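Engineer: Under the numbering used here, the sequence shown has 261 at position 255, and the numbering climbs by one with no breaks.
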Amino acid sequence: MIPRLLGKKLLQWSQEYPVVTVTGPRQSGKSTLCKYLFPGKPYVNLEDLSLRYLIREDPRGFLERYPEGAVFDEVQRFPALCSYLQVLVDTLDRPGLFILTGSSQFELMETLSQSLAGRTAIGRLLPFSVPELYGSPGATIPPLDDLLYTGFFPRIHDKRLNPTEALSFYVATYLERDIRQILHIKDWTKFDLFLRLLAGRSGQVLNVQSLSNETGMSHHTITGWIGVLEQSGLVYRLKPYFGNLGKRLVKSPKLYLLDSGLLCYLLSIYDPKILSLHPLRGQVFESFVVAELLKERYNQGLPDTLYYYRDQKGLEVDLVIEEGSTLTLGEIKSSATFHPDFVSPLDTLGKTLQRPCRKILFLGSRDRPYRFRDCEVRGYTDVSLCTVG
Numbered sequence: 007m008i009p010r011l012l013g014k015k016l017l018q019w020s021q022e023y024p025v026v027t028v029t030g031p032r033q034s035g036k037s038t039l040c041k042y043l044f045p046g047k048p049y050v051n052l053e054d055l056s057l058r059y060l061i062r063e064d065p066r067g068f069l070e071r072y073p074e075g076a077v078f079d080e081v082q083r084f085p086a087l088c089s090y091l092q093v094l095v096d097t098l099d100r101p102g103l104f105i106l107t108g109s110s111q112f113e114l115m116e117t118l119s120q121s122l123a124g125r126t127a128i129g130r131l132l133p134f135s136v137p138e139l140y141g142s143p144g145a146t147i148p149p150l151d152d153l154l155y156t157g158f159f160p161r162i163h164d165k166r167l168n169p170t171e172a173l174s175f176y177v178a179t180y181l182e183r184d185i186r187q188i189l190h191i192k193d194w195t196k197f198d199l200f201l202r203l204l205a206g207r208s209g210q211v212l213n214v215q216s217l218s219n220e221t222g223m224s225h226h227t228i229t230g231w232i233g234v235l236e237q238s239g240l241v242y243r244l245k246p247y248f249g250n251l252g253k254r255l256v257k258s259p260k261l262y263l264l265d266s267g268l269l270c271y272l273l274s275i276y277d278p279k280i281l282s283l284h285p286l287r288g289q290v291f292e293s294f295v296v297a298e299l300l301k302e303r304y305n306q307g308l309p310d311t312l313y314y315y316r317d318q319k320g321l322e323v324d325l326v327i328e329e330g331s332t333l334t335l336g337e338i339k340s341s342a343t344f345h346p347d348f349v350s351p352l353d354t355l356g357k358t359l360q361r362p363c364r365k366i367l368f369l370g371s372r373d374r375p376y377r378f379r380d381c382e383v384r385g386y387t388d389v390s391l392c393t394v395g
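#1: Sort out for me which residues DSSP pairs Ala127 with in a bridge.
#2: Quick one: measure Cβ to Cβ for Leu173 and Gly30, integer angstroms, because I've assumed they're closer than 8 angstroms.
#3: Taking only the alpha-carbon atoms, compute the straight-line gap between Leu299 and Asn51 and give it to the nearest angstrom.
#4: Comparing alpha-carbon positions, which option in His345, Asp324, Leu359, Lys339 lies nearest Thr332?
#5: On the CB-based measure, 16 or more other CB atoms within 10 Å of its CB, does Gly395 come out buried or exposed?
#6: Is the CB-CB distance between Leu263 and Ser293 below 7 angstroms?
#7: Could you tell me which residues DSSP puts in a beta bridge with Glu328?
#8: In its own chain, which residues sit with a C-beta less than 6 angstroms from the C-beta of Ile128, not counting the 5 before and 5 after it?
#9: Do the CB positions of Gly307 and Leu325 come within less than 7 angstroms of each other?
#10: Just to confirm my understanding: we take Val389, look at its own chain, exclude 5 residues before and 5 after, and list those with CB closer than 7 angstroms. What are they?
#11: Mapping the DSSP letters down to three states, classify Gly288 as helix, strand or coil.
#12: For a test of the three-state rule: what should DSSP assign to Val50, helix, strand or coil?
#13: Would you call the CB atoms of Ser218 and His225 closer than 7 angstroms?
#14: Whole-angstrom Cβ separation of Pro133 and Phe159, contact assumed at under 8 angstroms?
#15: Pick helix, strand or coil for Cys88, following the three-state DSSP scheme.
#16: Based on the DSSP output, what are the partners of Leu369 in its beta bridges?
#17: Rounded to the nearest angstrom, what separates Leu321 and Arg379 at their Cα positions?
#18: Sorted by chain position, which residues of the same chain lie with C-beta nearer than 6 angstroms to Tyr386's C-beta, five sequence neighbours on each side aside?
#19: Just the Cα atoms here: how many angstroms apart are Val93 and His163?
#20: Have a look at the DSSP bridge pairing and note the partners of Ala76.
#21: Just how far apart, CA to CA, sit Asn305 and Pro9?
#22: Could you give the DSSP three-state label for Phe200: helix, strand or coil?
#23: Work out the CA separation of Ser121 and Lys41 for me, nearest whole Å.
#24: Put Thr170 into one of helix, strand or coil per three-state DSSP.
#25: Report the three-state DSSP secondary structure of Lys165 (helix, strand or coil).
#26: Do Leu201 and Pro259 come within 7 angstroms of each other at the CB atom, strictly closer than that value?
This is how it looks when you write it as structure tokens:
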């Protein structure tokens, strides 16, 4: 098994909280990781049809089967179970009793906030990161277009699957089943169109009205669909940064699909060679960088304090990252060649903010991290906020 960087935090939390919860998209590796980290605990898949009657009819009796705790997979299927779980963990009063996983954060977080508030740590597991896949000594990272096209879902890498085929099955099974169940969608073709239109807008400021017009669905419906995809860990809304600036700024978030392979599939990019010449290659790379930085923060148990900046004069910076009193400005360019003007927006915003800022330029190159004046320059093999040595 490829080690997951979130594992260290999950083990730490299991010594501090009676319940540890892991959320993330379908097939991001939650079950595999939890079974690996907690081999002594029984593993129970709550999607098992044979368990449903027992849990519904006698949830207390079901939990009494596991006096030393267990790993409960897809726990959002039975929200009422968490109420009984609360009573049990309060009675036993020991850390690391139950490990819960769920692929629908919306349903799961609602359940946890009602029943297990203060009793559970919550980790978010996205698909593999570059350091997880290629961080071991001797590992060779593939060319950028191959990396982006393949994406990061564990099963594709573990089984060496064809990415286009695997992701088509992913959309047809997990996505369609889960989204249908939550949103009660009758016409899947409308949602499929919405997904592909959304992919074409990854890395752009979200315009719900435009999506509504092109799909023929209401503004309310489109907002709901985006919300469910976000709670399922498949898309991310990057909020605009305001700080204490008095000028008028763009207030809408930018939207990103978080797996570059899934993004390529929805853009009908079925070969890395197609991606290399595709007009949206820059947006695919930008989505990849944002996802890698999110994974880094989630794996460290940190909040996702990532923003972007755009004002009405046209100044835009791809990333503004708050870490305590430190502000990091980031610019993303898919080009493998450095150009000095790439850092100009960072310099301009740094002067506008009138405060010390760390600056990072993320390039589509294999170069090891280096500096250009006061800016760090990082290639796609080193997408991180860790300080350059």
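Just so you know, even glycine gets a beta-carbon here, dropped at the ideal spot from N, CA and C.
Please read these numbers as outputs of a predicted model, since none were measured by experiment.
Structural biologist: The structure says:
#1: Taking the sequence shown and counting its residues from 1, one reaches residue 127 at position 121. Val26, per the DSSP bridge assignment.
#2: Numbered from its first residue, the sequence shown carries residue 173 at position 167. Numbered from its first residue, the sequence shown carries residue 30 at position 24. Not confirmed; about 17 angstroms, so no contact.
#3: Here the question's residue 299 lines up with position 293 in the sequence shown. Here the question's residue 51 lines up with position 45 in the sequence shown. For Leu299 and Asn51, the distance between alpha carbons rounds to 31 angstroms.
#4: Within the sequence shown, residue 332 is the residue found at index 326, counting from 1. Of the listed residues, the one whose Cα sits closest to Thr332 is Leu359.
#5: Within the sequence shown, residue 395 is the residue found at index 389, counting from 1. With a pLDDT of only 46 at Gly395, under 50, the local geometry of the prediction cannot be trusted, and no value is derived from it.
#6: Taking the sequence shown and counting its residues from 1, one reaches residue 263 at position 257. Taking the sequence shown and counting its residues from 1, one reaches residue 293 at position 287. Yes. Within cutoff.
#7: Within the sequence shown, the letter at position 322 stands for residue 328. Looking at the DSSP assignment, Glu328 forms a beta bridge with Leu333.
#8: Stepping through the sequence shown from its first residue, residue 128 is reached at position 122. Thr27, listed in sequence order.
#9: Taking the sequence shown and counting its residues from 1, the one referred to as residue 307 is at position 301. Taking the sequence shown and counting its residues from 1, the one referred to as residue 325 is at position 319. The answer is no: Cβ separation not under 7 angstroms.
#10: The residue given as residue 389 occupies position 383 in the sequence shown. These residues qualify, in order along the chain: Val136, Val295, Glu298, Leu299, Phe368.
#11: To locate residue 288, count along the sequence shown from 1; it is residue 282. Note: Gly288 maps to helix in three-state DSSP.
#12: Working through the sequence shown from its first residue, we reach residue 50 at position 44. Residue state, collapsed to three classes: strand.
#13: Position 212 of the sequence shown holds residue 218. Position 219 of the sequence shown holds residue 225. Cβ atoms of Ser218 and His225: closer than 7 angstroms.
#14: By 1-based counting over the sequence shown, the position of residue 133 is 127. By 1-based counting over the sequence shown, the position of residue 159 is 153. Correct: roughly 5 angstroms between the Cβ atoms.
#15: For this step, residue 88 is matched to residue 82 along the sequence shown. Correct three-state label for Cys88: helix.
#16: Locating residue 369 in the sequence shown gives position 363, counting from the first residue. Answer by DSSP bridge pairing, in chain order: Lys339.
#17: Working through the sequence shown from its first residue, we reach residue 321 at position 315. Working through the sequence shown from its first residue, we reach residue 379 at position 373. Going by the C-alpha atoms only, they are around 21 angstroms apart.
#18: Walking along the sequence shown from the start, residue 386 turns up at place 380. Hits under 6 angstroms: Leu150, Gly370.
#19: The residue you call residue 93 lines up with position 87 of the sequence shown. The residue you call residue 163 lines up with position 157 of the sequence shown. Distance between the alpha carbons of Val93 and His163 is about 41 angstroms.
#20: Here residue 76 is taken as the residue at index 70 of the sequence shown, counted from 1. Ala76 is bridged to Phe104.
#21: Walking along the sequence shown from the start, residue 305 turns up at place 299. Walking along the sequence shown from the start, residue 9 turns up at place 3. Their Cα atoms are separated by approximately 12 angstroms.
#22: On the sequence shown, residue 200 is found 194 positions in, with the first residue counted as 1. Three-state DSSP puts Phe200 in a helix.
#23: If you number the sequence shown from 1, residue 41 lands on position 35. If you number the sequence shown from 1, residue 121 lands on position 115. Answer to the nearest angstrom: the Cα atoms are 24 angstroms apart.
#24: Translated into positions along the sequence shown, residue 170 becomes position 164. Looking at Thr170 - three-state DSSP - the assignment turns out to be helix.
#25: The count along the sequence shown starts at 1 and reaches residue 165 at position 159. Lys165 falls in the coil class under three-state DSSP.
#26: By 1-based counting over the sequence shown, the position of residue 259 is 253. By 1-based counting over the sequence shown, the position of residue 201 is 195. Contact flag unset, no.
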